[in-house]
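Student: Starting off with a structure, shown below.
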Amino acid sequence: MNKKEIENILKDYHWMINSIKILNSSLIDAGEGLTAQYGDEAGMPKPKGMTGDPVYREAIRREKRYQVISKYKAKISVIQGRLHLIKDDRELEVLHWLLEGKSYRWIGAHMGLSFSHIKRLRDSIVEQLCQNSSDECKRIRRIC
431 MNKKEIENIL KDYHWMINSI KILNSSLIDA GEGLTAQYGD EAGMPKPKGM
481 TGDPVYREAI RREKRYQVIS KYKAKISVIQ GRLHLIKDDR ELEVLHWLLE
531 GKSYRWIGAH MGLSFSHIKR LRDSIVEQLC QNSSDECKRI RRIC
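Following this note's numbering, the numbering of the sequence shown begins with 431 at its first residue and continues without gaps.
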């Protein structure tokens with residue numbers, strides 16, 4: 431993976447984790463609006479290009495959400511599979527807070543470092559995470 435892709439995954443990691451939790455819990459229910467229409471609406475023609483079966487439409491919608499979940503999981507696993515590459519304690523601390531969704535300024539205030547120093551540490555982390563990632567990159571691109 432290139433640096434930009436790793437940076438984007440680091441930036442989006444926190445909300446992707448939260449989205450996976452929420453999507454998984456929301457897909458447990460059977461869904462809403464699956465009952466057939468009655469009265470005048472039942473006899474009206476259906477819009478072109480759509481099936482009249484609400485259960486089928488719900489299955490299609492859920493399948494799309496499962497694909498989103500698998501895409502997020504693949505991106506997250508790239509970072510999780512490379513955490514062992516970061517050895518420096520400061521970099522590990524910065525990485526932890528980045529994955530928690532904290533801003534550079536918040537991390538800097540927490541660690542007593544400047545905003546620009548946090549950015550330099552983040553750049554070093556990205557460099558280390560980018561090394562030897564060609565196999566994972568191919569797998570991610572296939573999924574996405």
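A virtual CB, placed ideally from N, CA and C, is assigned to each residue, including glycine.
In this text the structure is predicted, and so the values were computed from the model without any measurement.
#1: Where do the ends of the alpha helix (DSSP H) carrying ASP519 lie?
#2: Would TYR502 be called buried (16 or more neighbouring beta carbons within 10 Å of its own) or exposed?
#3: Taking its Cβ as the centre, do 16 or more other Cβ atoms sit within 10 Å of GLY511, making it buried, or is it exposed?
#4: Between the Cα of LYS549 and those of HIS540, TYR534 and ALA539, spot the shortest distance and give me the residue it belongs to.
#5: Do the CB positions of ILE516 and ILE452 come within less than 8 Å of each other?
#6: Given a cut-off of 8 Å, decide if LEU440 and LEU551 are closer than it, judged by their beta-carbon atoms.
#7: Considering only the alpha carbon of each residue, which of ASN448, MET431 and ASN432 lies closest to GLU530?
#8: Do GLY538 and HIS547 have their C-beta atoms closer together than 8 Å?
#9: Whole angstroms is fine: what's the gap from GLU493's alpha carbon to LYS434's?
#10: Suppose you measure from the CA of TYR454 to the CA of PHE545; what does that come to, to the nearest Å?
#11: Given MET541, which residues of its chain have a CB within under 7 Å of its CB, disregarding the five upstream and five downstream residues?
Tutor: With the structure as the only source:
#1: Indexing the sequence shown from 1 puts residue 519 at position 89. Where ASP519 is concerned, the enclosing alpha helix (DSSP H) stretches over 519 to 529.
#2: Taking the sequence shown and counting its residues from 1, one reaches residue 502 at position 72. Buried, by the Cβ-count rule.
#3: Counted from its first residue, the sequence shown places residue 511 at position 81. By the neighbour-count rule (16 or more Cβ atoms within 10 Å), GLY511 is not buried but exposed.
#4: As a position in the sequence shown, residue 549 is number 119, starting the count at 1. Selection HIS540, TYR534 and ALA539 evaluated against LYS549 yields TYR534 as nearest (Cα-Cα).
#5: Position 86 of the sequence shown, counted from the start, is the residue given in the question as residue 516. Position 22 of the sequence shown, counted from the start, is the residue given in the question as residue 452. Taking a C-beta distance under 8 Å as the contact criterion, ILE516 and ILE452 do not qualify as a contact pair.
#6: By one-based count along the sequence shown, residue 551 stands at place 121. By one-based count along the sequence shown, residue 440 stands at place 10. Against a cut-off of 8 Å, the Cβ pair of LEU440 and LEU551 comes out as no contact.
#7: Sequence index remark: in the sequence shown, residue 530 carries index 100 (1-based). Closest by alpha carbon: ASN448.
#8: Along the sequence shown, one-based indexing puts residue 538 at 108. Along the sequence shown, one-based indexing puts residue 547 at 117. Going by C-beta atoms, GLY538 is nearer than 8 Å to HIS547.
#9: Residue mapping note: residue 493 aligns to position 63 of the sequence shown, counting from 1. Residue mapping note: residue 434 aligns to position 4 of the sequence shown, counting from 1. Each residue's Cα considered, the two are about 29 Å apart.
#10: Counting from 1 along the sequence shown, the entry for residue 454 is found at position 24. Counting from 1 along the sequence shown, the entry for residue 545 is found at position 115. Checking the sequence, you will find Asn at residue 454 rather than Tyr. Approximately 36 Å between the Cα atoms of the pair.
#11: Walking along the sequence shown from the start, residue 541 turns up at place 111. So the qualifying residues of the chain are GLU523.
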